[in-house]
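FYI, the numbering for the sequence shown is 8 to 285, going by the working numbering.
C-beta: ideal position from N, C-alpha, C; glycine also.
All remarks here apply to the structure that follows.
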Amino acid sequence: MTCEYDLHCHSTASDGVLAPSEVVRRAAALGVKHLALTDHDTIAGVPQAMACASELGIELICGVEISVTWEDQCFHILGLNIDPTCELLGAGLAQLQRVRQERAEKIADQLEKHGLHGALAQVLAMAGQGMVTRTHFARWIADRGYAPSVSEAFERFLGRGKPGYVATRWAGLEEALSWIVAAGGLAVLAHPLRYTLTARHLRRFLTAFQSLGGVGMEVVCGSSTPAQIETLADYARRFRLLGSVGSDFHDPACTWIELGRLAPLPAGVTPVWQALQP
Ligand code: AMP
Ligand code: MN
Ligand code: MN
Ligand code: MN
């Protein structure tokens, strides 16, 4: 089933493998009518995506997936329908770009010490003009045969506690939400079940998130099971958060996650796109 809305995906502006225009073309061909491009900590892919979407007659929503640190843990907050000219947001994302650059140097140093030589130059070349991410390191590790797959590269080298792991201080929650609000956007918690939090911890996060201006949470993700969707729908209803749907598409080779291939939002959850109407 194709959902006409897909509000979470990536391009070469961060760790996606398709150029922004290719992401839009693929989404349109699959029947998506409203697409948010949400690259990690950047909106650099949006102009190209916007131009392509207007050619194809679909709506492109300007989005971003901001990396946040809250209580020493990393969370991803989507900003949907943000004003790309907002200076506060621009300055915040520029800061995160520096954090990413410095972190990449440290990851490469640690991998070097672990016997994986020459990562930095090649990973930066792979990232090109886009944000450098751990996904680029994982692809490099897998290409080099240091791990049998990208997910194994995370498992063996890049995950928390592994040799290439670098603890990183991203944007504060309050800070990131203030950028999204200043840019006139809607702040949505991405993939709420991917942080391996206890229910109590997730409730505490959602309380803080909402009190600082967060308005929505993803209820349907590209990889969600029906039981997970029900769990998330319960949270959305209980907290009166708007429900979002997003595939988190990165790569056509990951055939289990596709643009627009998303289950419908359960009854009683208000779709985030009701708040996106002009
Ligand atoms: P970063 O923001 O640079 O730490 O990179 C995070 C990105 O790595 C996520 O957005 C995912 O795309 C990817 N990622 C994280 N964990 C895994 C995993 N276990 N397998 C594959 N990709 C992962
Ligand atoms: Mn990613
Ligand atoms: Mn994410
Ligand atoms: Mn994502």
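Exposure of residue i, with buried meaning 16 or more beta-carbon neighbours within 10 Å
i           : result
residue 199 : buried
residue 267 : buried
residue 55  : buried
residue 140 : buried
residue 57  : buried
residue 48  : buried
residue 230 : exposed
residue 64  : exposed
residue 313 : One cannot answer for residue 313 here, as it falls past the ends of the chain, which runs 8 to 285.
residue 152 : exposed
residue 101 : exposed
residue 257 : buried
residue 125 : exposed
residue 206 : exposed
According to DSSP, residues forming a beta bridge with residue i
i           : result
residue 66  : 41
residue 228 : 253
residue 274 : According to DSSP, which records beta bridges pairwise, residue 274 is partnered with nothing at all.
residue 93  : None; residue 93 has no bridge partner.
residue 74  : 83
residue 12  : 41
residue 196 : 84 and 224
residue 179 : 76
residue 47  : 72
residue 110 : In the DSSP output, where bridge partners are listed per residue, residue 110 has none listed.
residue 268 : 9
Residue i vs residue j beta-carbon contact at 8 Å
i           : j           : result
residue 16  : residue 269 : no
residue 197 : residue 93  : no
residue 225 : residue 251 : yes
residue 193 : residue 222 : yes
residue 283 : residue 87  : yes
residue 18  : residue 30  : yes
residue 273 : residue 237 : yes
residue 213 : residue 161 : no
residue 75  : residue 180 : yes
residue 265 : residue 37  : yes
residue 177 : residue 95  : no
Length of the line joining the Cα atoms of residue i and residue j
i           : j           : result
residue 137 : residue 171 : 21 Å
residue 242 : residue 248 : 8 Å
residue 50  : residue 70  : 7 Å
residue 175 : residue 106 : 8 Å
residue 219 : residue 184 : 7 Å
residue 150 : residue 122 : 16 Å
residue 45  : residue 201 : 17 Å
residue 156 : residue 169 : 16 Å
residue 263 : residue 158 : 14 Å
residue 217 : residue 83  : 15 Å
residue 154 : residue 182 : 37 Å
residue 276 : residue 195 : 14 Å
residue 116 : residue 134 : 18 Å
residue 148 : residue 260 : 17 Å
residue 40  : residue 66  : 6 Å
residue 215 : residue 25  : 35 Å
residue 232 : residue 278 : 19 Å
residue 35  : residue 280 : 18 Å
residue 68  : residue 99  : 20 Å
residue 329 : residue 167 : Past the edges of the chain, shown from 8 to 285, lies residue 329, and the structure says nothing about it.
residue 61  : residue 120 : 48 Å
residue 103 : residue 239 : 29 Å
Top-ranked residue by Cα proximity to residue i, from the options
i           : options               : result
residue 131 : 145, 120 and 122      : 145
residue 111 : 121, 127, 183 and 102 : 127
residue 33  : 13, 20 and 182        : 13
residue 143 : 234, 114 and 204      : 114
residue 203 : 163, 101 and 81       : 81
residue 173 : 8, 37, 125 and 109    : 109
residue 72  : 35, 232, 23 and 79    : 23
residue 211 : 61, 28, 77 and 27     : 77
residue 293 : 119, 53 and 120       : Outside the shown range of the chain (8 to 285) lies residue 293, about which nothing can therefore be said.
residue 188 : 8, 206, 208 and 97    : 97
Closer than 8 Å to chain B by CB, residue i
i           : result
residue 133 : Absent from the structure is chain B; it holds one protein chain and no more.
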